[in-house]
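So the structure is just underneath, and the comments pick up after that.
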Amino acid sequence: MDLQERKLEGYQALNPNELTEEQFCKIRKEIKKPERNTISDEYFDFKLWCLGMLSRQEYFAKYLAKKLHRKNAQKVLEVGCGRTFRLSKMLAAEGFCMTCIDPKIELPKQDVEKIVCLQARFDLHYDLSDFDVVVAQEPCDATEHVVRACVTQNKPFIMSLCGVPHNLMSGKKPKDVYEWYEYLLNISKEDKIRLRNVQLNPLLRTPILLKD
């Protein structure tokens, strides 16, 4: 057993990022046979943990909290919160009233303070009138829906983007991530949609798409 595998045992015992056994198996496979020029989110978070750093979600939560406090936001919708809605939990701890939506969310057995969980799929027709801002961390195929819903309903959003292209609402898939980013930026000519590469963590920059 090499050093990484031994560290993974400790990581799994603590499970700070609330991973499933399937996700730990994914990390093990990646340790034994890493893919060239790519790394999974799970493996990257493991590497951050090995270096004594925060997780991707924790770094993004800190970035969002500063932005949301400056906007005086109170009610926040998180799209694509995932199984354990960790980002919403972190933002609720900062005082924001969170609603999080994802078809794969594990609904809590009892109410969680300042968090409403919705087991559903977000689309561009979702009513955003109750929210001050929409946030998302790598919402994949929901990305275009978020942008179009916020543009149509004049709602600000902040989201981090995946490092690979995802399907458009038309069913087509951009040839590369740069074409995808350009497409998202040009969804609206009137609204100022901006793309920023932000140093959220010490290891790499993260593409952030936002509209005020």
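The sequence shown begins at 492 in this note's numbering and counts up one residue at a time.
Idealized CB from N, CA, C, for every residue including glycine.
For this session: Please say whether L582 and V567 have beta carbons closer to each other than 8 Å?
Result: Yes; because the gap between Cβ atoms is below 8 Å, this pair is in contact.
For this session: Classify S679 as helix, strand or coil using the three-state DSSP reduction.
Result: In this structure, S679 counts as coil in the three-state DSSP scheme.
Problem set entry | Paired residues, beta bridge with M589 - DSSP | The bridge partners DSSP lists for M589 are V567, I606.
For this session: Give the straight-line distance between the Cα atoms of E673 and S679, rounded to the nearest whole angstrom.
Result: Between E673 and S679, the alpha-carbon positions lie close to 11 Å from each other.
Problem set entry | Proximity winner among A640, L694, P693, L686, relative to L700 (alpha-carbon distances) | It is L686 whose Cα lies nearest to the Cα of L700.
Exercise. First and last residue of the beta strand (DSSP E) that includes I684?
Worked result: Counting along the chain, the beta strand (DSSP E) containing I684 begins and ends at 684 to 689.
Problem set entry | With 16 other Cβ atoms within 10 Å as the buried cut-off, status of Y669 | Y669 is classed as exposed because its beta carbon has fewer than 16 other beta carbons within 10 Å across all chains shown.
Exercise. Name the DSSP bridge partner or partners of Q628?
Worked result: According to DSSP, which records beta bridges pairwise, Q628 is partnered with S651.
Problem set entry | Range covered by the beta strand (DSSP E) that runs through K702 | 697 to 702 is the span of the beta strand (DSSP E), which, as asked, contains K702.
For this session: For D614, I'd like the list of residues in its chain whose CB is within less than 7 Å of its CB, leaving aside the five on either flank, ordered along the chain.
Result: Excluding its 5 nearest sequence neighbours in each direction, D614 has C-beta neighbours in its own chain below 7 Å: H636, listed in chain order.
Exercise. Taking just the CA atoms, how far does L499 sit from Q601?
Worked result: Rounded to the nearest whole angstrom, the CA to CA distance from Q601 to L499 is 32 Å.
Exercise. Taking I649 as the reference, which of K666, T643, H657, I684 has the closest Cα?
Worked result: I649 has its Cα closest to that of I684, out of K666, T643, H657, I684.
For this session: Using three-state DSSP, classify D618 as helix, strand or coil.
Result: If DSSP states are grouped into helix, strand and coil, D618 belongs with coil.
Problem set entry | Alpha-carbon spacing of N688 relative to Y534, whole angstroms | Taking the straight line joining both Cα atoms gives about 21 Å.
Problem set entry | Residues near A611 in its chain [Cβ-Cβ closer than 6 Å; skip 5 each side] | Excluding sequence neighbours, A611 sits near I592.
For this session: Keeping to the same chain, check which residues put their C-beta closer than 6 Å to that of E585; ignore five residues upstream and five downstream.
Result: Cβ neighbours of E585 beyond the five flanking positions: A556.
For this session: Excluding the 5 residues preceding and the 5 following G571 in the sequence, name in chain order all residues of the same chain whose CB lies nearer than 8 Å to its CB.
Result: The beta carbon of G571 sits closer than 8 Å to those of I592, D593, F613, A627, Q628, E629, P630, C631, A633, all from its chain and outside the five residues before and after it, given in chain order.
For this session: Determine, using beta carbons only, whether Y502 and N692 come nearer to each other than 8 Å.
Result: When the beta-carbon positions are compared, Y502 and N692 stay at least 8 Å from each other.
Exercise. Would the beta-carbon of D621 fall within 8 Å of that of A564?
Worked result: Against a cut-off of 8 Å, the Cβ pair of A564 and D621 comes out as no contact.
For this session: Put L542 into one of helix, strand or coil per three-state DSSP.
Result: In the three-state DSSP reduction, L542 falls in the coil class, being neither helix nor strand.
Exercise. From which residue to which residue does the alpha helix (DSSP H) around I596 run?
Worked result: Run containing I596: none; DSSP gives neither H nor E here.
Exercise. Which one of M660, L619, P656, K666 has the shortest CA to CA distance from N645?
Worked result: When each option's Cα is compared against that of N645, the closest is L619.
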